[in-house]
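Engineer: Pasting a structure here, questions to come.
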Amino acid sequence: MSGRVVWIVNHYVAESERDGRTSRHEQFARLLGTYGWHAVLVGSSTVHPSGRQTLRGLTVRERRDAGTHEVVRVRGRQYRGPGGRVLDMAVFSALVLVPGMLRDLPRPDVVVGSSFHPFAALAAAFLARRSGARFVFEPRDLWPETLVALGGKSERSLSVRALRVVERALLRRADALVSPLAGAGEYYARLGAILPCTWISNGTSDAHREEIGPVGHRPDEFVVTYLGSVGRANALEAVVDAMSQPAITSLAVRVRLQVVGDGPALDGLRRRAAAGPAASRIEFTGRVPQEEARAIGRASDCLVANMRDLPLYRWGVAFNKLFEYARVGRPVVIGAAGPVPVFDDRTGVVVDADDPAALAEGIASVVRMRPEDRVALAERAHDRVDAAFTYSVLTERLAEVLDELAPLNPVPPTSLQKETRP
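For the sequence shown, the residue numbers in this note's numbering are 505 to 926.
Put into structure tokens, the structure is as follows:
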């Protein structure tokens, strides 16, 4: 085992073996050993967004050696719907703090608390204090700003005020900030936080560039594909509506949309598509394993993404699909509410966010491109990802932050130091 230990607490941390898709923290954990860090992923037994339970019977926790790192799954509460999900958050955040729950784990030098929701990050802060470790706060979303912007909550609501208290507590306890949101440091500085903040984007795994073959459909069709979660933040209503805009319906080819993924907004999106004039040209496949999704993307002509037109996004976006899209090797049309990683006018077609007409015009512009221009656009995006957004590059950046907090100790820790019972 590497000499220094980092615990990464993320309620919904995904693993390839369990979930059919990887995550930034699994990728970091696999690679941190290169930099002298042994990573322990601490996550829930429930799967997001389905709420499925993965622990059997009355098992409360499961520890697994993943070779390059360790994984601990603490029991969550199986759920359906937002109310059940809130209970799952509470159960996980409470259980992870129960004395002995993380027994026999190597003592951490640093604990990273990731705020998929802020209560898990706060639990990580308490774990760091209990074990004498440094604490890194990783805001993946800005709470409570996200609840106000996407959940329609008032700044005066009890839930928003409670989240403000949690936010301040996290900032007081943090020794450093890392975030996939490029503007997170400026956001927290405006709140008075004087902390080092490092932008560590989401990214994609290192991979050999694959030969992109011909598209997998009839020559008189043009297939546009969306890959990823189907939630409110993904704003797919505008993508569905774009399919019936004149910019698309007036084209000589038949433009077809396929949505690959699932999530809480899927049923409503299906109903919207079925009721619209483009119903026969929109297909929903549901969730598929990550490699299968990439294959579907490579068989398409174009990929599409969108976001809501919200001031929230001026602080940055961290959609995983952007990096996966660049890796797929097809042109990308994105409705953006501000600067986004990877894509700009040289590497994609960037249009106004949440605007069906603008999305339709963007898709139509790709239809009208020469085949060699589509290839060049996709290759420039892939080159940019290779240069700055692979997990080998991003893990080195994280290791630098960890090294600042816990420099390499030339004296190996004793077994007593390694094994504690937080």
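We put the beta carbon where it would ideally sit given N, CA and C, even for glycine.
Taking 8 Å as the threshold (C-beta atoms), are Glu787 and Gln762 in contact?
Structural biologist: Their beta carbons are under 8 Å apart, which means Gln762 touches Glu787 by this criterion.
Engineer: Can you name, in chain order, every residue of its own chain whose Cβ lies under 6 Å from the Cβ of Gly928, other than the five neighbours on each side?
Structural biologist: Since the first and last residues shown for the chain are 505 and 926, residue 928 lies out of range.
Engineer: Could you check the C-alpha separation between Phe893 and Val744 for me, to the nearest Å?
Structural biologist: Roughly 30 Å separates the two Cα atoms.
Engineer: Going by DSSP, what residues sit across from Thr929 in a beta bridge?
Structural biologist: The first residue shown for the chain is 505 and the last is 926, placing residue 929 beyond what the model contains.
Engineer: Considering Gly655, what are the terminal residues of the beta strand (DSSP E) in which it resides?
Structural biologist: It is not in any beta strand (DSSP E) - Gly655 instead sits in the alpha helix (DSSP H) that spans 649-655.
Engineer: If you pair each beta-carbon of the segment 828-838 with each one of the segment 858-870, do three or more pairs fall below 8 Å?
Structural biologist: Verdict: yes, contact present.
Engineer: Check whether the Cβ atoms of Asp592 and Arg581 lie closer than 8 Å to each other.
Structural biologist: Cβ atoms of Asp592 and Arg581: closer than 8 Å.
Engineer: Within its chain, find whatever has a CB closer than 6 Å to the CB of Leu681; leave out the 5 residues flanking it on each side and keep chain order.
Structural biologist: The answer, listed in chain order, is Phe641, Leu699, Cys701.
Engineer: I need the DSSP call for Phe847, collapsed to helix, strand or coil.
Structural biologist: Of the three classes helix, strand and coil, the one that applies to Phe847 here is coil, per DSSP.
Engineer: Starting from the C-beta of Arg874, find all residues in its chain whose C-beta is less than 8 Å away, skip the five residues before and the five after it, and write them out in chain order.
Structural biologist: So no residue of the chain qualifies.
Engineer: Buried or exposed, going by whether 16 or more other CB atoms sit within 10 Å of the CB of Asp766?
Structural biologist: So Asp766 counts as buried.
Engineer: Pick helix, strand or coil for Ile484, following the three-state DSSP scheme.
Structural biologist: The structure shown does not extend to residue 484, since the chain spans only 505 to 926, so no value can be given for it.
Engineer: Hey, which unbroken runs of the alpha helix (DSSP H) at 4 residues or more fall wholly within the segment 555-627?
Structural biologist: Taking only runs of at least 4 residues, the alpha helix (DSSP H) segments lying wholly in the segment 555-627 are 585-599.
Engineer: Are the segment 605-623 and the segment 513-525 touching, with three or more C-beta to C-beta distances below 8 Å?
Structural biologist: With a cut-off of 8 Å, the segment 513-525 and the segment 605-623 count as touching, because enough Cβ pairs lie within range.
Engineer: Just to confirm before moving on: does the CB-CB distance between Ala693 and Phe639 stay below 8 Å?
Structural biologist: Taking 8 Å as the Cβ cut-off, Ala693 and Phe639 do not qualify as a contacting pair.
Engineer: Taking buried to mean at least 16 other C-beta atoms within 10 Å of its own C-beta, is Ser754 buried or exposed?
Structural biologist: Exposed.
Engineer: Using the C-alpha atoms, what's the distance from Arg567 back to Thr558?
Structural biologist: Cα to Cα, Thr558 sits roughly 13 Å from Arg567.
Engineer: Exposed or buried, what is Thr918 when buried is set at 16 or more other beta-carbons lying within 10 Å of its beta-carbon?
Structural biologist: For Thr918, the predicted structure reports a pLDDT of 47, less than 50, and the residue's modelled location is therefore unreliable. The matter cannot be settled from this model.
Engineer: Can you find the residues in the same chain that come closer than 8 Å, C-beta to C-beta, to Gln921, ignoring five residues on each side of it along the sequence?
Structural biologist: Interpretation of Gln921 is limited by its pLDDT of 46, a score under 50 that renders its predicted location unreliable; no figure is taken from the coordinates.
Engineer: Can you give me the Cβ contacts of Leu881 inside the same chain, cut-off strictly under 6 Å, excluding the 5 residues immediately before and after it?
Structural biologist: Counting only Cβ-Cβ distances below 6 Å, and skipping sequence neighbours, we find Pro835.
Engineer: Based on the DSSP secondary-structure assignment, which residues constitute the bridge partners of Glu642?
Structural biologist: DSSP lists Ser618 as partners of Glu642.
Engineer: Suppose you measure from the CA of Arg791 to the CA of Asn706; what does that come to, to the nearest Å?
Structural biologist: Taking the straight line joining both Cα atoms gives about 21 Å.
Engineer: Sort Gly780, Ser804, Arg798, Pro843 by Cα distance to Asn810 and report the nearest one.
Structural biologist: Ranking the options by Cα distance to Asn810, first place goes to Pro843.
Engineer: By how many angstroms is the C-alpha of Val889 removed from the C-alpha of Gly833?
Structural biologist: Computed Cα separation, rounded: 11 Å.
Engineer: For a quick check, are the C-beta atoms of Asp523 and Val551 less than 8 Å apart?
Structural biologist: Going by C-beta atoms, Asp523 is nearer than 8 Å to Val551.
Engineer: Just mark Ala797 as buried or exposed, buried being the case when its beta carbon has 16 or more other beta carbons within 10 Å.
Structural biologist: Per the 10 Å Cβ criterion, buried.
Engineer: Under the three-state reduction of DSSP, which class applies to Ile698: helix, strand or coil?
Structural biologist: It is coil, neither helix nor strand.
Engineer: Between the C-alpha atoms of Ser520 and Val853, what's the straight-line distance to the nearest angstrom?
Structural biologist: So the two alpha carbons sit approximately 31 Å from each other.
Engineer: Mind checking whether Glu828 and Thr708 have CB atoms under 8 Å apart?
Structural biologist: Yes, these two residues count as a Cβ contact at 8 Å.
Engineer: What residue from Pro750, Tyr817, Glu741, Ala783 has the CA that sits closest to Leu773's CA?
Structural biologist: Nearest of Pro750, Tyr817, Glu741, Ala783 to Leu773, Cα basis: Glu741.
Engineer: Taking DSSP as the reference, what is the three-state secondary structure of Glu787?
Structural biologist: Three-state result, Glu787: strand.
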